[in-house]
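Just so we're aligned, residue 1 is where the sequence shown starts under my numbering, counting upward by one.
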Amino acid sequence: MDLQTLLFMFFGGLGIFLFGIKYMGDGLQKVAGEGLRDVLDKFTTNPVMGVFAGLFVTVLLQTSTGTTVLTIGLVNAGFMTLKQAIGVIMGANIGTTVTAFIIGIKISAYALPIIAVGAALIFFIKAKKVNNYGQVVFGFGALFYGLELMGTGLKPLRELEAFAELTVSMSENPLLGVLIGTIFTVAVQSSSASIGLLQQLYEQGAMGLDAALPVLFGDNIGTTITAILAAIGASVAAKRAALTHVIFNLIGTIIVLIVYPFFFQLISFLAVELGLNRPMTIAFAHGIFNVSNTLIQLPFVAILAIIVTKLVPGEEFSIEYKAKHLDPRFIGSSPAIALGQAKQEVLRMAEFSERGLYEVSQYLETGQKRHAEMSIQFEEAINNLDRKITDYLIQISSRSLSAHDSKLHSMLMDTVRDIERIGDHIENIVELKDYQKVNKVHISETALDDLREMSELTLSTLREAIQSLELIDSDMARSVLEKEEKIDKMERKLRKQHIQRVNDGKCSGSAGIVFVDIVSNLERIGDHSVNIAEAVIGEDNY
Numbered sequence: 001m002d003l004q005t006l007l008f009m010f011f012g013g014l015g016i017f018l019f020g021i022k023y024m025g026d027g028l029q030k031v032a033g034e035g036l037r038d039v040l041d042k043f044t045t046n047p048v049m050g051v052f053a054g055l056f057v058t059v060l061l062q063t064s065t066g067t068t069v070l071t072i073g074l075v076n077a078g079f080m081t082l083k084q085a086i087g088v089i090m091g092a093n094i095g096t097t098v099t100a101f102i103i104g105i106k107i108s109a110y111a112l113p114i115i116a117v118g119a120a121l122i123f124f125i126k127a128k129k130v131n132n133y134g135q136v137v138f139g140f141g142a143l144f145y146g147l148e149l150m151g152t153g154l155k156p157l158r159e160l161e162a163f164a165e166l167t168v169s170m171s172e173n174p175l176l177g178v179l180i181g182t183i184f185t186v187a188v189q190s191s192s193a194s195i196g197l198l199q200q201l202y203e204q205g206a207m208g209l210d211a212a213l214p215v216l217f218g219d220n221i222g223t224t225i226t227a228i229l230a231a232i233g234a235s236v237a238a239k240r241a242a243l244t245h246v247i248f249n250l251i252g253t254i255i256v257l258i259v260y261p262f263f264f265q266l267i268s269f270l271a272v273e274l275g276l277n278r279p280m281t282i283a284f285a286h287g288i289f290n291v292s293n294t295l296i297q298l299p300f301v302a303i304l305a306i307i308v309t310k311l312v313p314g315e316e317f318s319i320e321y322k323a324k325h326l327d328p329r330f331i332g333s334s335p336a337i338a339l340g341q342a343k344q345e346v347l348r349m350a351e352f353s354e355r356g357l358y359e360v361s362q363y364l365e366t367g368q369k370r371h372a373e374m375s376i377q378f379e380e381a382i383n384n385l386d387r388k389i390t391d392y393l394i395q396i397s398s399r400s401l402s403a404h405d406s407k408l409h410s411m412l413m414d415t416v417r418d419i420e421r422i423g424d425h426i427e428n429i430v431e432l433k434d435y436q437k438v439n440k441v442h443i444s445e446t447a448l449d450d451l452r453e454m455s456e457l458t459l460s461t462l463r464e465a466i467q468s469l470e471l472i473d474s475d476m477a478r479s480v481l482e483k484e485e486k487i488d489k490m491e492r493k494l495r496k497q498h499i500q501r502v503n504d505g506k507c508s509g510s511a512g513i514v515f516v517d518i519v520s521n522l523e524r525i526g527d528h529s530v531n532i533a534e535a536v537i538g539e540d541n542y
């Protein structure tokens with residue numbers, strides 16, 4: 001075959017391999033449902049449990065980077081401490097070795113039939129669940145087919161004198177192999193792809209085991225680059241989690257290089273004694289390296305957390321998604337106290353809505369992405385508390401309640417629903433602003449001034465509604481009703497003014513749609529603030 005064909009086969013095979021890994025991981029995630037985040041949340045009570053949770057989720061996602069990104073999100077959300085996150089990252093490093101073991105099974109000859117079965121499940125069966133399994137099967141087949149193409153494209157390498165000299169250099173100087181493995185993994189952004197390539201090269205005899213192992217260690221360092229890139233410009237917690245990933249793999253590589261002769265002898269011995277094929281030999285080396293690294297460093301998680309905290313200074317901002325006050329023990333023993341607990345949690349939820357509205361008003365004002373991200377985090381926190389509080393209140397409703405407690409229970413249920421809807425409107429406004437920025441829709445300064453004025457009035461109305469709820473103050477609640485009338489009048493006035501601006505050519509039609517929709521969402525937040533206030537008036541008058 002000519003050089004062009006070989007290059008096409010290699011790069012095309014690499015593309016199909018990466019697609020297969022991603023497609024299979026997406027399918028596995030769909031099969032598993034939306035529970036991956038819950039697994040990381042519930043089963044990371046300590047670093048050891050975190051390791052198992054990280055391993056499980058990585059096997060399903062087929063990417064340690066995906067697990068790391070999920071973990072960073074949970075640390076940001078206050079679901080997980082840095083120590084727990086370190087355990088998950090260690091587990092993710094073990095989980096990512098599964099792909100190498102899959103490759104070591106060597107079923108490339110059946111790749112095309114597997115792809116055909118996957119395609120049949122996707123295109124000829126209507127059931128969504130079967131389609132998801134089809135996606136897993138198709139991705140599995142594509143992984144092997146891409147690997148086979150890559151291997152064919154690499155065959156001539158063993159005959160090249162320059163490559164032979166390079167492998168000799170890597171055998172004599174393991175640090176060179178580490179560097180090459182790191183660079184290649186950074187380039188393709190996938191340790192699975194670089195290790196799959198290494199397995200192919202070793203299988204074809206293009207390099208010996210003594211040259212392949214250092215490259216394998218470098219692959220483990222290179223895989224941290226995606227987390228580093230994801231953490232640029234992110235929160236302090238995200239940067240610390242990414243740095244943990246780097247330090248963990250660097251320390252592991254340094255340790256294994258110190259005992260490299262022993263490690264080489266161990267892998268050679270296992271390959272002979274267990275009758276491993278060449279790709280499976282690399283898989284075993286990868287697995288032993290990551291499991292040993294985890295076992296060595298796991299007792300020092302607290303020290304690792306201190307180190308990254310020192311290296312990445314700064315205050316760590318996090319939103320605590322978890323409910324603070326909902327103690328299930330009070331439901332049976334004292335429903336009245338349980339209701340009081342629920343009210344405290346509703347007030348936390350209401351505070352999130354207020355802070356989310358403030359952040360989104362800042363996003364409208366400045367267009368800075370961090371305000372949009374904060375708004376969405378508050379909205380997610382609201383959604384989480386909505387589920388927790390509603391479940392708690394439903395459990396309370398099964399108990400015998402006094403007339404007063406029954407009224408309070410109904411008020412809290414209604415208020416939770418209104419706050420959740422406020423969160424939805426906040427998210428809508430973020431999406432409208434995103435649309436304006438992406439599509440470069442110009443909104444005039446006058447229109448921006450109008451939005452600023454309405455945002456301030458809406459925020460003031462919501463704050464007063466929350467205060468009236470906290471104090472059960474009907475006078476304050478009536479003030480909210482008066483403010484909401486102002487919001488309604490302002491909405492009608494702003495609509496008319498903006499239509500006039502569009503007619504005068506000062507604003508485009510697209511700007512008019514964005515402006516009117518933002519105003520409409522602010523007005524709806526005012527309506528839900530009134531609903532909260534009316535519930536307070538009803539409770540106070542009871």
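Idealized CB from N, CA, C, for every residue including glycine.
Around the C-beta of V272, are 16 or more other C-beta atoms found within 10 angstroms, so that it is buried, or is it exposed? exposed
When you compare only the Cα positions, how much space is there between A206 and P299? 39 Å
Cβ shell of Y542 (< 6 Å), same chain only, five flanking positions each side left out: With a pLDDT of only 43 at Y542, under the threshold of 50, the placement of this residue in the model should not be trusted, and no figure is reported.
Between the segment 350 to 369 and the segment 396 to 410, can you find at least three pairs of beta-carbon atoms closer than 8 Å? no
Buried or exposed: where does L175 fall if 16 or more other Cβ atoms within 10 Å of its Cβ makes it buried? exposed
So, helix, strand or coil for R399, using DSSP? Note: R399 maps to coil in three-state DSSP.
Quick one: residues in its chain with C-beta nearer than 7 Å to the C-beta of S375, no 5 flanking neighbours on either side, listed in chain order? G356, E359, V360, Y363, I426 and V430
In three-state terms, what does DSSP make of Y542? Because Y542 carries a pLDDT of 43, less than 50, the predicted location of this residue cannot be relied on, and no value is offered for it.
To which residues of the same chain is I537 closer than 6 Å at the C-beta, ignoring the five residues directly before and after it? S474 and A477
Burial state of T543 (16 or more Cβ within 10 Å): In this structure the chain extends from 1 to 542, so residue 543 is not present and cannot be described.
Within 10 angstroms of its Cβ, does F330 collect 16 or more other Cβ (buried), or is it exposed? buried
To which residues of the same chain is K256 closer than 7 Å at the C-beta, ignoring the five residues directly before and after it? In the sequence as displayed, the identity of residue 256 is Val instead of Lys. Excluding positions up to five away in sequence, the list reads F217, F263 and F289.
A372 versus L432 - alpha carbon distance: Those two C-alpha atoms are separated by around 11 Å.
Whole angstroms are fine: how far does the CA of L385 sit from the CA of T415? Near 12 Å, if we compare the C-alpha coordinates of L385 and T415.
Three or more beta-carbon pairs under 8 Å between the segment 99 to 106 and the segment 196 to 212, yes or no? yes
By alpha-carbon positions, which one of L209, P214 and S192 ends up nearest to G604? As shown, the chain starts at 1 and ends at 542. That puts residue 604 outside it, with no answer to give.
Leaving out five residues before and five after L481 in sequence, what residues of the same chain have Cβ atoms less than 7 Å from its Cβ? V530 and A533
Which of helix, strand or coil DSSP assigns to V312: coil
Selection from L494, N439, L143 and V308 that minimises the alpha carbon distance to G104: If we check each option's Cα against that of G104, L143 comes out closest.
Neighbourhood of Y133 by C-beta distance below 8 Å, restricted to the same chain and skipping five residues each side: G27, V31 and L121
Residues of its chain near L179, where Cβ-Cβ distance is below 8 Å and the 5 sequence neighbours each way are ignored: G218
Would you identify the three-state DSSP class for H325, choosing helix, strand or coil? coil
Taking all protein chains shown into account, do 16 or more other C-beta atoms lie within 10 angstroms of the C-beta of P47, making it buried, or fewer, making it exposed? buried
Going residue by residue through the segment 375 to 454, where are the continuous alpha helix (DSSP H) segments of at least 4 residues, counting only ones entirely within it? 403 to 438
Report yes or no: do the segment 509 to 519 and the segment 459 to 467 share at least 3 C-beta pairs separated by less than 8 Å? no
What residues in its chain sit with their C-beta under 6 Å from that of G526, if we drop five residues either side in the sequence? For G526, where only same-chain residues beyond five positions count, the Cβ hits under 6 Å are T458, T461, E484 and I487.
Is M90 near T294, with beta carbons less than 8 Å apart? yes
Nearest-angstrom Cα distance between I382 and D418? 11 Å
H498 versus G25, R524 and L451, residue with shortest Cα-Cα distance: L451
Pick helix, strand or coil for N46, following the three-state DSSP scheme. coil
Cβ atoms of L522 and M411: under 8 Å apart, would you say? no
Do you know how far the Cα of S334 is from the Cα of V136? 50 Å
Is G151 near G20, with beta carbons less than 8 Å apart? no
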